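Residue numbers (our numbering), protein chains in the order written: chain A, 3 to 283; chain B, 373 to 518. Positions of the beta carbon are idealized from the N, C-alpha and C atoms, including for glycine. In this text the structure is predicted, and so the values were computed from the model without any measurement. Here the structure comes first, spelled out in structure tokens, and everything after it is commentary.
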């Protein structure tokens with residue numbers, strides 16, 4: 003499935019040829035559909051809507067003549083009832099029939115770059131071990147593999163000297179997209195020194211602790227006790243590393259792999275910087 | 373079938389984001405705003421989660437961005453601006469107002485949605501969303517459900 007396939011669009015239709023819906027029913031149907039991840043258009047009079055496109059449609063209504071309008075046989079339209087108890091299942095059936103993308107397969111946690119602030123310094127590319135960032139043909143930083151991002155981890159936004167990296171679902175500003183103030187830029191947390199990170203301070207700390215933990219666990223016979231020890235260790239690490247989730251620390255690669263990935267990321271960033279600096283780049 | 377046969381061409385379109393996959397919007401604000409939209413005789417668009425659509429570069433964002441004047445009830449204007457831009461669906465600076473469900477009260481949001489007036493508030497910057505790098509041809513890799 004290509005990621006740019008068109009999603010199913012559900013229409014609560016109350017226009018010509020259909021009877022109006024009761025407000026409570028409309029709200030219940032809307033909630034049921036949104037909570038299953040579907041996009042819904044409430045059609046009617048009084049305001050414009052976004053123009054139609056060729057997305058597959060599921061049109062839900064109470065038809066005045068007991069049946070829906072007729073459409074061309076090949077139209078990507080299905081008809082249904084706005085019964086709140088069944089709307090989500092109707093939508094899922096239509097989605098499957100049209101092979102439209104399934105919503106909710108992945109928690110959408112990924113960096114969003116504010117290009118008003120980004121200076122293309124490549125610190126995020128240098129920092130990220132998970133291959134989230136890359137550069138476009140013009141050597142501008144961009145998010146290339148957003149699904150590689152570690153859920154709830156905002157670490158790369160903390161190394162950005164311009165606070166240009168947002169995670170809209172983060173709890174606090176400016177990482178969540180709130181206005182960036184001068185004090186944000188001066189705040190100690192925002193000013194993690196990238197050279198210190200890549201030079202080993204935090205990574206080496208993580209590696210050392212991870213190695214010690216591995217060594218200890220290898221001698222453990224009680225797996226529950228070993229897990230408890232690991233969690234205790236990771237809790238301490240998470241506190242040291244700010245708000246980096248324990249799951250991220252748990253999934254850190256081996257020390258050798260970290261070194262290799264860090265070197266690769268640094269080389270990619272350096273190549274991008276060099277290309278920027280070249281006169282004919 | 374027309375979506376809105378007698379819609380006023382001057383009133384802004386309305387878009388509501390349910391932020392389904394995170395608990396960062398106050399639930400009472402979301403509930404009140406959605407109830408208001410459903411009780412009024414207003415056509416509107418609702419999406420489960422703008423972030424998901426942006427991550428997938430879903431073509432529906434281009435449809436929504438091309439709606440003309442629009443009020444978007446979602447989160448911070450800076451985030452909304454660049455979520456759309458990331459999907460190659462830049463919002464028009466002069467005709468987009470973002471109502472922040474994270475910071476404003478339900479009453480404020482409802483009053484603004486009910487009003488036909490538009491107060492554009494996307495952050496102005498050194499570049500337009502059109503200047504953002506274009507995604508690679510192949511697009512992002514498939515999300516990993518794990």
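With a threshold of 16 other CB atoms inside 10 Å of the CB of residue i, please say whether the residue is buried or exposed.
i: residue 468/B; result: buried
i: residue 149/A; result: buried
i: residue 22/A; result: exposed
i: residue 197/A; result: Reliability of the predicted coordinates at residue 197/A is poor, the pLDDT of 42 falling under 50, and the value obtained from them is presented with this limitation in mind. By the 10 Å Cβ count, residue 197/A comes out exposed.
i: residue 26/A; result: exposed
i: residue 220/A; result: Because the pLDDT of residue 220/A is 43, which lies under 50, any placement of that residue in the model is unreliable, and the question is left without a value.
i: residue 479/B; result: exposed
i: residue 188/A; result: exposed
i: residue 14/A; result: buried
i: residue 43/A; result: buried
i: residue 435/B; result: buried
i: residue 498/B; result: exposed
i: residue 431/B; result: buried
i: residue 20/A; result: buried
i: residue 181/A; result: exposed
i: residue 166/A; result: buried
i: residue 421/B; result: buried
i: residue 69/A; result: exposed
i: residue 267/A; result: buried
i: residue 395/B; result: exposed
i: residue 195/A; result: Since pLDDT at residue 195/A reaches only 46, below the 50 mark, its modelled position is unreliable, and no value is offered.
In terms of alpha-carbon separation, which member of the options lies closest to residue i?
i: residue 278/A; options: 39/A, 157/A, 265/A, 141/A; result: 141/A
i: residue 159/A; options: 131/A, 132/A, 185/A, 115/A; result: 115/A
i: residue 137/A; options: 122/A, 86/A, 280/A, 131/A; result: 122/A
i: residue 87/A; options: 153/A, 71/A, 31/A; result: 31/A
i: residue 146/A; options: 33/A, 266/A, 28/A, 132/A; result: 132/A
i: residue 491/B; options: 479/B, 446/B, 482/B, 466/B; result: 466/B
i: residue 57/A; options: 64/A, 89/A, 180/A, 41/A; result: 41/A
i: residue 96/A; options: 151/A, 62/A, 143/A; result: 62/A
i: residue 288/A; options: 169/A, 186/A, 267/A; result: There is simply no residue 288/A to check, as chain A begins at 3 and stops at 283 in what is shown.
i: residue 119/A; options: 60/A, 183/A, 94/A; result: 183/A
i: residue 154/A; options: 172/A, 139/A, 164/A, 162/A; result: 172/A
i: residue 64/A; options: 156/A, 90/A, 28/A, 185/A; result: 28/A
i: residue 457/B; options: 445/B, 440/B, 426/B, 472/B; result: 426/B
i: residue 130/A; options: 275/A, 280/A, 174/A, 265/A; result: 265/A
i: residue 85/A; options: 263/A, 34/A, 9/A; result: 34/A
i: residue 55/A; options: 428/B, 448/B, 438/B, 411/B; result: 438/B
i: residue 274/A; options: 126/A, 108/A, 164/A; result: 126/A
i: residue 17/A; options: 46/A, 80/A, 176/A, 91/A; result: 46/A
Tell me which residue opens and which closes the beta strand (DSSP E) that residue i is part of.
i: residue 482/B; result: Premise fails: residue 482/B lies in the alpha helix (DSSP H), 478-486, not in any beta strand (DSSP E).
i: residue 443/B; result: 442-446
i: residue 59/A; result: 59-62
i: residue 12/A; result: 11-15
May I ask which residues mark the beginning and end of the alpha helix (DSSP H) holding residue i?
i: residue 469/B; result: Premise fails: residue 469/B lies in the beta strand (DSSP E), 468-472, not in any alpha helix (DSSP H).
i: residue 146/A; result: Looking at the DSSP string, residue 146/A is not in any alpha helix (DSSP H), and its letter there is neither H nor E.
i: residue 457/B; result: 449-458
i: residue 127/A; result: 125-129
i: residue 433/B; result: 432-437
i: residue 160/A; result: 157-161
i: residue 407/B; result: 399-411
i: residue 187/A; result: 184-188
Per DSSP, what are the beta-bridge partners of residue i in this structure?
i: residue 137/A; result: 143/A
i: residue 179/A; result: In DSSP, residue 179/A forms no bridge with anything.
i: residue 423/B; result: Paired residues: none, contrary to the question.
i: residue 389/B; result: 419/B
i: residue 82/A; result: 62/A
Tell me the start and end of each unbroken alpha helix (DSSP H) in the region 17-47 of chain A that is at least 4 residues and wholly inside, in chain order. Scanning the region 17-47 of chain A for uninterrupted alpha helix (DSSP H) segments of 4 residues or longer gives 25-37, listed from N- to C-terminal end.
Please list the segments of the alpha helix (DSSP H) lying wholly inside the region 85-110 of chain A, counting only runs of 4 or more residues, in order along the chain. Listed in chain order, the complete alpha helix (DSSP H) runs (minimum 4 residues) inside the region 85-110 of chain A are 89-100.
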